[in-house]
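Q: 50 is the number of the first residue of the sequence shown in the working numbering; add one for each residue after it. We treat Cβ as the ideally placed atom computed from N, Cα and C, and that holds for glycine. The structure under discussion is supplied below as C-alpha cells; questions concerning it will follow.
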Amino acid sequence: MTTRKHTALPKARTLIEALPWLTRHHGRTVVIKFGGNAMVDEELKRAFAQDVVFLRHAGLRPVVVHGGGPQISAQLELLGLESEFKGGLRVTSPEAMNVVRMVLAGQVQRELVGLLNEHGPLAVGMTGEDARLMSATKHLADVDGELVDLGRVGEITAIDPGAVRALLDDGRIPVISSIARSSDDGEPSGVFNVNADTAAAALAAALGAETLMVLTDVEGLYEDWPHSDEVISRLTASQLEKLLPELASGMVPKMEGCLHAVRNGVRTARVIDGRVQHSILLEIFTDEGIGTMVVPDPDPVPAAGPRCAGPHGTGTHGSGTPDTTQGAE
Numbered sequence: 050m051t052t053r054k055h056t057a058l059p060k061a062r063t064l065i066e067a068l069p070w071l072t073r074h075h076g077r078t079v080v081i082k083f084g085g086n087a088m089v090d091e092e093l094k095r096a097f098a099q100d101v102v103f104l105r106h107a108g109l110r111p112v113v114v115h116g117g118g119p120q121i122s123a124q125l126e127l128l129g130l131e132s133e134f135k136g137g138l139r140v141t142s143p144e145a146m147n148v149v150r151m152v153l154a155g156q157v158q159r160e161l162v163g164l165l166n167e168h169g170p171l172a173v174g175m176t177g178e179d180a181r182l183m184s185a186t187k188h189l190a191d192v193d194g195e196l197v198d199l200g201r202v203g204e205i206t207a208i209d210p211g212a213v214r215a216l217l218d219d220g221r222i223p224v225i226s227s228i229a230r231s232s233d234d235g236e237p238s239g240v241f242n243v244n245a246d247t248a249a250a251a252l253a254a255a256l257g258a259e260t261l262m263v264l265t266d267v268e269g270l271y272e273d274w275p276h277s278d279e280v281i282s283r284l285t286a287s288q289l290e291k292l293l294p295e296l297a298s299g300m301v302p303k304m305e306g307c308l309h310a311v312r313n314g315v316r317t318a319r320v321i322d323g324r325v326q327h328s329i330l331l332e333i334f335t336d337e338g339i340g341t342m343v344v345p346d347p348d349p350v351p352a353a354g355p356r357c358a359g360p361h362g363t364g365t366h367g368s369g370t371p372d373t374t375q376g377a378e
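If you want it as C-alpha cells, here you go:
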C-alpha cells in the first residue's frame, strides 16, 4: 500500500501543478493548426489526438484547422500531375484543386476525425466551404516583385464562424480543412486552396479565441538562425513585425498568422514543435513551454487627466477609472 502511494504521488503533483492553467483556460476557445511531422508520423498523430481530447475534457473548446501538403503532393504524383510552387505556395490548377479537395476533406480530415472519435463521439469534420465558413478571392503571389497567378489559390476575405460556434456549444471538436468558397457571387461553385496557417489565424480572430497554436517542424522562432539555435520564447506583435522581413520563407505565413491573430483579439499565439509528443499540453499547462509565444503590444500608459473632487475625495476625471481599453485595430 505504501509503495502504491509513493508511485501515484508524482501523478497527483503533476495534476495539481496544472490546476492554475486549467482554471485560466476553462471555457476558452483554442484554435490549433495541425501540420508538419505531426501529420505523417503515426505516433505523433495519435499523441496529437489525445492532447486535443484532453483539452476538451479539461473544459477548453479546441478547434483544429489542417492542411495536407505532403499528402497532396503524394496523390498528385500518383496521378501523374506535377507539384509546382511559386513564392512558397502551391500552384493549383483546376485539376490539382480537385485533388486538394479530395485529399484534405476525404483523407486527412477523415483520419484525424477517426483518431479523435476513438475517445468518444466528439469530432465533426467540415471544410471552409460548409455554412460559408470561409470565403476567399484569388491570391496573386509576389515573386521577385512581380504578381504571379497561382490558379485556385485563395486569400481569405471573410469568416462566418456561426457553424463552428454551434458545434463548440454542443461539446464537439470541429476539424476544418483549409478550403474556402469563392467570395465572388458570379462564381457560385468556385473553391480555393487556402494556406492553413492563414486560415487558422483568421478563424481564431473571428472566434475571439484565447490562443492560436501552430504546430511546426522546428522548436520555435530562432534568435539568430542559422548562427544560433536559441529560441525566442516570447515577443510582442511589434517585435515580431520587425523580424518578419528576415524570416525564412517557410516561417513567414506562420508568423504572419500569429501577428494577425494577436492584433485582432486573440490573447496569445504560439508556434510549437510538433515533433515533440504532447507538445500542446506542455505548452499550455507548464511554465516553461516549448515554443515561441506572441502577445499583443502592451496598452499605452494613459495620460494623467485632470483630477476633480468626487463624493469620496479626489478621483480621476469622468467615470472615476482611467480608460486603458485598447481600441480596435
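According to DSSP, what are the bridge partners of F103?
A: DSSP output for F103 lists no bridge partner at all.
Q: I121 lies in the alpha helix (DSSP H); which residues open and close that run?
A: 118-127 is the extent of the alpha helix (DSSP H) around I121.
Q: Just to confirm, is the Cβ distance from I225 to V243 under 8 Å?
A: Taking 8 Å as the Cβ cut-off, I225 and V243 do not qualify as a contacting pair.
Q: With burial defined as no fewer than 16 other Cβ atoms inside 10 Å of the residue's Cβ, what is the status of I321: buried or exposed?
A: With 16 or more other Cβ atoms within 10 Å, it is buried.
Q: By the 10 Å Cβ neighbour count, where 16 or more other Cβ atoms means buried, how is M151 classified, buried or exposed?
A: It counts as exposed.
Q: For V213, which of helix, strand or coil comes out of DSSP?
A: In the structure shown, V213 sits in a helix (DSSP, three-state: H, G or I).
Q: Quick check: the Cα distance between P345 and S184, rounded to an integer number of angstroms?
A: Those two C-alpha atoms are separated by around 26 Å.
Q: Roughly how many whole angstroms lie between the Cα atoms of L292 and M300?
A: Taking the straight line joining both Cα atoms gives about 11 Å.
Q: What is the rounded straight-line gap between the Cα of P223 and the Cα of R110?
A: Distance between the alpha carbons of P223 and R110: 9 Å.
Q: Any contact between the stretch 317-334 and the stretch 149-163? By contact I mean 3 or more CB pairs, one from each, below 8 Å.
A: Cβ pair count under 8 Å is below three, so no.
Q: Any idea which residues DSSP pairs L284 with across the strands?
A: Answer by DSSP bridge pairing, in chain order: V343.
Q: For L161, which residues in the same chain have their Cβ closer than 6 Å to its Cβ, ignoring the five residues on either side in sequence?
A: Only V224 meet the Cβ criterion.
Q: How close, in whole Å, do the beta carbons of C42 and V267 come, if the pair is a contact with beta carbons under 8 Å?
A: An answer regarding residue 42 cannot be provided, because it is not within the stretch 50 to 378 covered by the chain.
Q: Pair every Cβ in the stretch 192-204 with every Cβ in the stretch 128-140, then say whether three or more of these pairs are closer than 8 Å.
A: These segments touch.
Q: Could you tell me how far apart the beta carbons of V315 and A248 are, in whole angstroms, since I believe they sit closer than 8 Å?
A: The pair is not a contact, with the Cβ atoms about 14 Å apart (cut-off 8 Å).
Q: Closer than 8 Å by C-beta to A57: which residues in its own chain qualify, once you throw out the five before and the five after it? Chain order, please.
A: Answer for A57: no residue qualifies.
Q: Please name the residue, chosen from L264, K94, V213, that lies closest to G340 on a Cα-to-Cα basis.
A: Answer by Cα proximity: L264.
Q: Whole angstroms is fine: what's the gap from G169's alpha carbon to P119's?
A: Going from the Cα of G169 to the Cα of P119 covers about 28 Å.
Q: State the DSSP-derived secondary structure class of A318, mapped to helix, strand or coil.
A: Note: A318 maps to strand in three-state DSSP.
Q: Between A145, R95, D209, E131, which lies nearest to G163 when the distance is taken from Cα to Cα?
A: That would be R95, whose Cα lies nearest to the Cα of G163.
Q: My parser needs the alpha helix (DSSP H) runs of 4 or more residues fully inside the stretch 141-229; what are they?
A: Listed in chain order, the complete alpha helix (DSSP H) runs (minimum 4 residues) inside the stretch 141-229 are 143-152, 158-165, 211-218.
Q: Applying the criterion that 16 or more other CB atoms from any shown protein chain within 10 Å of the CB defines a buried residue, is Q288 buried or exposed?
A: It counts as exposed.
Q: Ignore the nearest five residues each way along the sequence and tell me which others in G76's own chain have a CB closer than 8 Å to its CB.
A: The residues are G108, L109, R110.
Q: On the three-state DSSP scale, how would you describe E66?
A: Note: E66 maps to helix in three-state DSSP.
Q: Throw me the rounded Cβ distance for the A67 and F334 pair, which I believe falls under 8 Å.
A: At roughly 4 Å, the Cβ-Cβ gap stays under 8 Å, so A67 and F334 are in contact.
Q: Using the beta-carbon count (16 or more within 10 Å), is P210 buried or exposed?
A: Per the 10 Å Cβ criterion, buried.
Q: Confirm, please, whether the CB-CB distance from I281 to H296 is below 8 Å.
A: At residue 296 the sequence reads Leu, which differs from the His that was named. No, these two residues do not count as a Cβ contact at 8 Å.
Q: Cα separation between L171 and L216?
A: Distance between the alpha carbons of L171 and L216: 10 Å.
Q: Quick one: any contact between the stretch 116-134 and the stretch 72-90, if contact means 3 or more CB pairs under 8 Å?
A: Cβ pair count under 8 Å is three or more, so yes.
Q: Suppose you measure from the CA of R201 to the CA of M146; what does that come to, to the nearest Å?
A: Each residue's Cα considered, the two are about 7 Å apart.
Q: In terms of DSSP beta bridges, what is K135 paired with?
A: Paired residues: L138.
Q: Just mark R62 as buried or exposed, buried being the case when its beta carbon has 16 or more other beta carbons within 10 Å.
A: Burial call: exposed.
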